[in-house]
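S.K.: Residue numbers (this note's numbering): -8 to 587. Every residue gets a Cβ at the ideal spot worked out from N, C-alpha and C, and that includes glycine. Structure provided below as structure tokens; questions to follow.
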């Protein structure tokens, strides 16, 4: 294994990048598919492009302390822009590509961004409309040629048409950036209200890189290839999917799109992928649908692999000696085939951004694909803890990473302290002081530490339901059990100050379509949600979930919703978390009817 990265000697993220570029030269660092072919970019080539863009931004007036917004899909230009902005001493403001014009207006206005870099097309037009409404933002740089409405308010430049400013000593500029300087403002996903800008320093992100290194070092790190799937505006992808691979001298390949994920996996054969739980759930569902259609022999082998893999996990990594030969046979006949579908070289899937259902983690573990659940928040850059390859416990989020202390407050709230904790919320000192007290980040999550020091999260502090009988119920626990059922895609549990627990349930579209087709019924969810027979199908799924829950947790009544919660309808955040308060507001009448 190569020597550990020089985390303590890098004062900033640009210093990390240019130090690695000087050492690695033409070695590939980025891989992107263009014109149906994968192209690899070397460190020196990317460094030259960062310098070109930094000169252009400097010529446009970007100065230390300025904020520059970046709105783009996963691609090399995103990283180039981020590094160019930070090298100049300015502050990058990443924004999601899935939000609307009012949200962009909020980000631009709140951050005071003077310039915005955007990819193109309809996305660029949404950002342009927002920039026109914000006096501080006067320049738009587009990565792709895009037509805009006439208007003198905003100067529009193409990426390739940036002015060629005076030469800059990029290594010296990078070295001049200090560890506690702000490097980016990442806006929270806004599950409960208006997104707030989290100001992160170079030290915060580098601390995440160090923590991630000590986790992955257990399995050996050499010539790694990361597949970039999550949005680069997500704090998890920003720290652990971009700057952590750079700190290793690893290569990053950009997924074309989520619907091309399977093909891209087999084309680039990555070793590490950062994922969110929803992506793991979709892969699991796809595997199970394929197996359900397979011949009986193949189905039996697959389910035997799951059963023995689970047994090995529950026994701490061992099996009775008489089952070992068959388990090894299943490695060759089943688990190797699953690995090949993911490219054949996966060392680990690392899940973050939301709670991973333990059953999903065990499913992948049983099939020989290490899936480690981590935990964090944007305010922690975001990494706080993660399970370990040497002993994952899927109903926990693992022990704290290197440099992070964790304790549990008297009311059960998880508190974290370390070099990863944010500088504060942009322009909101009062909120900063409420969230970080005496150096401890108050996460708002409730849980405890197990005997091995692993964190167990039970719920969000403000989401705990207290029934009228005085029982505390974790909605996340109940929802995770419901959505394990193949007929249920999404669920929101209600019951605060009520006599029993109820739920809003969105049926799984594929399961519903198959059920309807087999019975000659209309396949649309709107019609099926009114069908008494279909309701019995979902009711049976709710009953199965209830059988795994305590009496006070069980769902007594539910309402079927034909429209999924999504980013487009505003009921999910860009990081695919359900906006519970907005769901409850939109369906207030349906919810009230559940207690009539």
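Take residue 517 and list the residues in its own chain whose beta-carbon comes closer than 6 Å to its own, dropping the five residues that flank it on each side.
M.R.: 553
S.K.: Which value, in whole angstroms, describes the spacing of the CA atoms of residue -4 and residue 14?
M.R.: 12 Å
S.K.: Is there contact here, the stretch 259 to 277 with the stretch 95 to 108, by at least three beta-carbon pairs under 8 Å?
M.R.: No: fewer than three Cβ pairs fall under 8 Å.
S.K.: Tell me, which residues are paired with residue 216 by DSSP?
M.R.: 242
S.K.: Cα separation between residue 556 and residue 360?
M.R.: Spanning the alpha carbons of residue 556 and residue 360 requires a straight line of approximately 29 Å.
S.K.: CB-CB under 7 Å to residue 457, same chain, minus the five flanking residues each way: which ones, in chain order?
M.R.: 463, 487, 488, listed in sequence order.
S.K.: DSSP three-state call for residue 361: helix, strand or coil?
M.R.: coil
S.K.: Go ahead and label residue 169 buried or exposed: buried means 16 or more other beta carbons lie within 10 angstroms of its beta carbon, across all protein chains shown.
M.R.: exposed
S.K.: Taking only the alpha-carbon atoms, compute the straight-line gap between residue 529 and residue 248 and give it to the nearest angstrom.
M.R.: In this model, residue 529 and residue 248 are separated by some 32 Å (Cα to Cα).
S.K.: Can you give me the Cβ contacts of residue 119 inside the same chain, cut-off strictly under 7 Å, excluding the 5 residues immediately before and after it?
M.R.: 131, 139, 145
S.K.: Across the stretch 148 to 161 and the stretch 55 to 66, are there enough close Cβ pairs to call them in contact, namely three or more that are closer than 8 Å?
M.R.: no
S.K.: Checking the sheet assignment: what are the DSSP bridge partners for residue 374?
M.R.: 367
S.K.: Using DSSP with H/G/I as helix, E/B as strand and the rest coil, what is residue 16?
M.R.: Reduced to three states, the DSSP call for residue 16 is coil.
S.K.: Using 8 Å as the threshold, is the C-beta distance between residue 148 and residue 128 below it?
M.R.: no
S.K.: For the alpha helix (DSSP H) containing residue 275, list its first residue and its last residue.
M.R.: 268 to 283
S.K.: Taking the alpha-carbon positions, what's the residue 49 to residue 442 distance?
M.R.: 54 Å
S.K.: Can you give the Cα-Cα distance for residue 297 and residue 358, rounded to whole angstroms?
M.R.: Rounded to whole angstroms, residue 297 to residue 358 spans 6 Å at the Cα level.
S.K.: Measure the alpha-carbon distance for residue 107 versus residue 125 and round it to whole angstroms.
M.R.: 11 Å
S.K.: Any chance the stretch 308 to 315 sits against the stretch 224 to 240, with 3 or more Cβ pairs inside 8 Å?
M.R.: no
S.K.: When DSSP labels each residue in this structure, what does residue 481 get in the three-state scheme?
M.R.: strand
S.K.: Could you check what DSSP says for residue 226 in three-state terms: helix, strand or coil?
M.R.: helix
S.K.: If you follow the alpha helix (DSSP H) that residue 572 is part of, which residue opens it and which one closes it?
M.R.: 571 to 577
S.K.: Taking buried to mean at least 16 other C-beta atoms within 10 Å of its own C-beta, is residue 483 buried or exposed?
M.R.: buried
S.K.: Need the endpoints of the alpha helix (DSSP H) that residue 234 sits in, please.
M.R.: Looking at the DSSP string, residue 234 is not in any alpha helix (DSSP H), and its letter there is neither H nor E.
S.K.: Hey, would you say residue 380 sits closer than 8 Å to residue 215, going by beta carbons?
M.R.: no
S.K.: Quick check for students: name the residue ranges of the beta strand (DSSP E) that lie wholly in the stretch 389 to 433, counting only runs of 3 or more.
M.R.: 396 to 399, 404 to 408
S.K.: Leaving aside the five residues before and after residue 376 along the sequence, list all residues of the same chain whose C-beta is less than 8 Å from its C-beta, in chain order.
M.R.: 365, 366, 367, 388, 389, 390, 391, 392, 395, 397, 445, 446
S.K.: Give the straight-line distance between the Cα atoms of residue 117 and residue 86, rounded to the nearest whole angstrom.
M.R.: 12 Å
S.K.: When the distance is taken between beta carbons, is residue 212 closer than 8 Å to residue 237?
M.R.: no
S.K.: By a C-beta neighbour count over all protein chains shown, 10 Å radius and 16 as the cutoff for buried, is residue 502 buried or exposed?
M.R.: buried
S.K.: Less than 8 Å separating the beta-carbons of residue 258 and residue 150?
M.R.: no
S.K.: Measure the CB-CB distance between residue 196 and residue 272 and report whether it falls below 8 Å.
M.R.: no
S.K.: Does DSSP put residue 540 in a helix, in a strand, or in coil?
M.R.: DSSP places residue 540 in coil when its eight states are reduced to three.
S.K.: Less than 8 Å separating the beta-carbons of residue 378 and residue 363?
M.R.: yes
S.K.: Here's the rule I'm using: 16 or more other beta-carbon atoms within 10 Å means buried, otherwise exposed. How should residue 339 be labelled?
M.R.: Burial call: buried.
S.K.: If I measure Cβ to Cβ from residue 418 and keep anything under 8 Å in the same chain, skipping five residues before and after, which residues do I get?
M.R.: 101, 188
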